[in-house]
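Just so it is clear: in the sequence shown, position 326 is 757 by this note's numbering, and no numbers are missing.
Every residue, glycine too, gets a C-beta built ideally from N, C-alpha and C.
Working notes, structure below.
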Amino acid sequence: MLKHSESEYIFANAYIGSFVSRLMTGRDIRRVAASRDLAGAALILHEFGYEDGYEDDKYLHEGAVEPFLRRERNDLYKEVFSVLPDRRALAFNLLPYDYGNLKICLKAEQLGTMPERQRGFMSEAGTIAPAALIALVRDRSYDRMPVEMAQGIREALDIFARSHDPQSIDLALDRACCRHMLEEARETQDTFLIDYVKMQMDAVNLSAWMRLREMGRPWSALRDVFVEGAHITLPMLTAGYEEPASRMAERLAPFGFGEAVAEGGQMLKESGSMAAFERLRDDAVMQYVKRAKFESFGIHPIQGYLYAKETEIANLRVALSGILFGFTSAEIEERLKESYV
């Protein structure tokens with residue numbers, strides 16, 4: 432049990448609350464999207480605490496969007512977790528970076544290259560340092576890993592050995608990551624955090640449901656990739672597998688994903704792109720997380736800030752990459768997710 436009283440978070444709430452006022456609104460992100468070049472975008476970002484506005488900091492000036500954003504995310508988690516009374520309470524947020532690093536390690540192995548050579552692409556935001564994780568995977572030190580992680584690696588390697596499909600590694604580790612996150616969230620005994628993780632799992636399952644239907648795969652294919660434990664069950668999705676997305680949307684409205692399935696399904700039918708669905712799906716999660724804005728103390732406002740900043744970074748990836756590749760501001764804006772503020 433990791434539950435803590437609100438009084439234990441007073442310092443953390445005050446400290447992190449000072450950063451909430453610097454979150455970018457949708458209008459601020461659109462200002463970045465309208466920049467003529469990355470140097471102009473960097474000057475706007477400097478107003479919100481991003482460091483690339485300095486002359487000696489040339490990530491964006493050199494077009495290195497991903498290293499810039501990776502550094503900002505690493506700094507985000509380092510700063511927030513440094514003031515938590517118990518890091519374990521929100522550690523589930525770090526697990527996707529561990530599992531992302533695991534994907535890099537396992538795929539490097541299968542390609543016959545050294546994972547160490549991919550070190551520059553690995554995130555520092557996880558619970559296990561990249562160098563340590565590389566060693567654990569190389570030595571197959573399962574007894575020194577969390578149970579869920581060891582199970583996920585075994586499953587990924589087993590499926591890949593049979594399929595020889597690198598995507599099978601992604602799918603197996605994504606499922607393991609979801610299971611691990613839910614287990615960690617349950618340790619907090621906090622309904623808000625548990626339901627947040629379950630919504631993230633719902634989002635993963637709905638993406639698979641939409642994609643497999645569009646590909647014309649049978650409903651049984653969903654069973655192979657479905658992550659158990661979320662709000663929306665496998666029978667709910669398989670029962671509506673052959674139905675129009677609009678009808679399924681009515682059933683999913685109580686879970687917050689009705690609009691995403693209705694509008695996203697229509698856009699998928701018209702354009703063949705999942706982009707609209709994925710944006711609306713994430714907006715549905717944001718609507719849930721925004722409940723934390725009405726709380727001043729405890730762990731919920733901190734979780735709200737983490738998700739807000741993650742979404743901001745995701746929007747900046749869209750905006751900055753769009754500028755780099757010559758997209759118009761209108762093309763960039765239609766891909767932006769809803770902001771926290």
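Distance between beta carbons of valine 463 and leucine 454, contact taken as under 8 Å:
Along the sequence shown, one-based indexing puts residue 454 at 23. Along the sequence shown, one-based indexing puts residue 463 at 32. Leucine 454 to valine 463, Cβ: 13 Å. No contact.
Have a look at alanine 761 and leucine 747 and give me their C-alpha separation to the nearest angstrom.
Your numbering for residue 761 matches position 330 in the sequence shown. Your numbering for residue 747 matches position 316 in the sequence shown. Between alanine 761 and leucine 747, the C-alpha separation is close to 15 Å.
Where leucine 500 and asparagine 524 are concerned, what is the direct C-alpha to C-alpha distance, given to the nearest angstrom?
Position 69 of the sequence shown, counting from 1, holds the residue named residue 500. Position 93 of the sequence shown, counting from 1, holds the residue named residue 524. Spanning the alpha carbons of leucine 500 and asparagine 524 requires a straight line of approximately 17 Å.
What's the call for glutamate 743, buried or exposed, on a 16-neighbour Cβ count within 10 Å?
As a working note, residue 743 is residue 312 in the sequence shown. Glutamate 743 is buried by the Cβ-count criterion.
Measure how close the beta-carbons of leucine 613 and glycine 660 come, nearest whole angstrom, since I'm counting them as under 8 Å.
Here residue 613 refers to the residue found at position 182 when the sequence shown is read from its first residue. Here residue 660 refers to the residue found at position 229 when the sequence shown is read from its first residue. The pair is a contact, with the Cβ atoms about 5 Å apart (cut-off 8 Å).
How many angstroms separate the CA atom of serine 599 from the CA atom of leucine 507?
Translated into the one-based positions of the sequence shown, residue 599 becomes position 168. Translated into the one-based positions of the sequence shown, residue 507 becomes position 76. Near 31 Å, if we compare the C-alpha coordinates of leucine 507 and serine 599.
Buried versus exposed call for alanine 706 [16 or more other C-beta atoms within 10 Å across all chains shown]:
As a first step, residue 706 must be located in the sequence shown, where it is residue number 275. Classification for alanine 706: exposed.
Please report the distance separating the alpha-carbon of arginine 548 from that of glutamate 540.
For the purposes of this step, residue 548 is identified with residue 117 of the sequence shown, where counting begins at 1. For the purposes of this step, residue 540 is identified with residue 109 of the sequence shown, where counting begins at 1. Between the alpha carbons of arginine 548 and glutamate 540 lies a distance of about 11 Å.
Whole-angstrom Cβ separation of glutamate 579 and alanine 607, contact assumed at under 8 Å?
Counting from one through the sequence shown, the residue named residue 579 turns up at place 148. Counting from one through the sequence shown, the residue named residue 607 turns up at place 176. With 8 Å as the limit, glutamate 579 and alanine 607 qualify as a contact, their Cβ atoms being about 6 Å apart.
Specify the secondary structure class of histidine 662 as computed by DSSP and reduced to three states.
In the sequence shown, residue 662 corresponds to position 231, counting from 1. Coil, per DSSP.
Which word fits tyrosine 485, buried or exposed, when buried means at least 16 other C-beta atoms lie within 10 angstroms of its C-beta?
By one-based count along the sequence shown, residue 485 stands at place 54. For tyrosine 485, the predicted structure reports a pLDDT of 47, less than 50, and the residue's modelled location is therefore unreliable. The matter cannot be settled from this model.
Rounded to a whole number of angstroms, what is the C-alpha to C-alpha distance between serine 436 and isoleucine 730?
For the purposes of this step, residue 436 is identified with residue 5 of the sequence shown, where counting begins at 1. For the purposes of this step, residue 730 is identified with residue 299 of the sequence shown, where counting begins at 1. Cα-Cα distance, rounded: 9 Å.
Cβ-based neighbour list, tryptophan 640, same chain, cut-off 7 Å, excluding 5 preceding and 5 following
Stepping through the sequence shown from its first residue, residue 640 is reached at position 209. Answer for tryptophan 640: Leu653 and Leu668, listed in chain order.
Closest by CA to glycine 480, which one among Cys609, Val451, Ser727 and Tyr771?
Stepping through the sequence shown from its first residue, residue 480 is reached at position 49. Looking at the Cα atoms, Val451 is the closest of the given residues.
Kindly examine the ligand GDP and report whether one of its heavy atoms sits closer than 6 Å to the Cβ of isoleucine 663.
The ligand GDP is absent from the structure shown, which contains no ligand whatsoever.
Whole alpha helix (DSSP H) elements within the stretch 570 to 639, 4-residue minimum:
Runs of the alpha helix (DSSP H) lying entirely within the stretch 570 to 639 and spanning at least 4 residues, in chain order: 578 to 594 and 597 to 619.
Is lysine 534 near proline 597, with beta carbons less than 7 Å apart?
Position 103 of the sequence shown, counted from the first residue, corresponds to residue 534. Position 166 of the sequence shown, counted from the first residue, corresponds to residue 597. Cβ atoms of lysine 534 and proline 597: not closer than 7 Å.
In its own chain, which residues sit with a C-beta less than 7 Å from the C-beta of glutamate 681, not counting the 5 before and 5 after it?
In the sequence shown, residue 681 corresponds to position 250, counting from 1. Exclusion of the five residues before and after glutamate 681 leaves Gly689 as the residues of its chain whose Cβ lies within less than 7 Å of its Cβ.
Please state the DSSP three-state secondary structure of tyrosine 530.
What you label residue 530 is simply residue 99 of the sequence shown in a count that begins at 1. Helix at tyrosine 530.
So alanine 560 and leucine 751 are in contact, right, with Cβ under 8 Å, and what is the actual spacing, rounded?
As a first step, residue 560 is located in the sequence shown; it is residue number 129 there, counting from the start. As a first step, residue 751 is located in the sequence shown; it is residue number 320 there, counting from the start. Actually they are not in contact, since the Cβ atoms of alanine 560 and leucine 751 sit about 27 Å apart, beyond 8 Å.
Inter-residue CB distance, isoleucine 733 and isoleucine 447 (contact presumed, cutoff 8 Å)
Position 302 of the sequence shown, counted from the start, is the residue given in the question as residue 733. Position 16 of the sequence shown, counted from the start, is the residue given in the question as residue 447. Right, the Cβ-Cβ distance comes to about 6 Å (below 8 Å), so this counts as a contact.
Mapping DSSP to helix, strand and coil, what is aspartate 468?
In the sequence shown, the residue the question calls residue 468 occupies position 37. Aspartate 468: coil per DSSP, three-state reduction.
Looking only at C-alpha atoms, which of Leu564, His611 and His595 sits nearest to glutamine 582?
Counting from 1 along the sequence shown, the entry for residue 582 is found at position 151. For the residues Leu564, His611 and His595, the minimum Cα distance to glutamine 582 belongs to His611.
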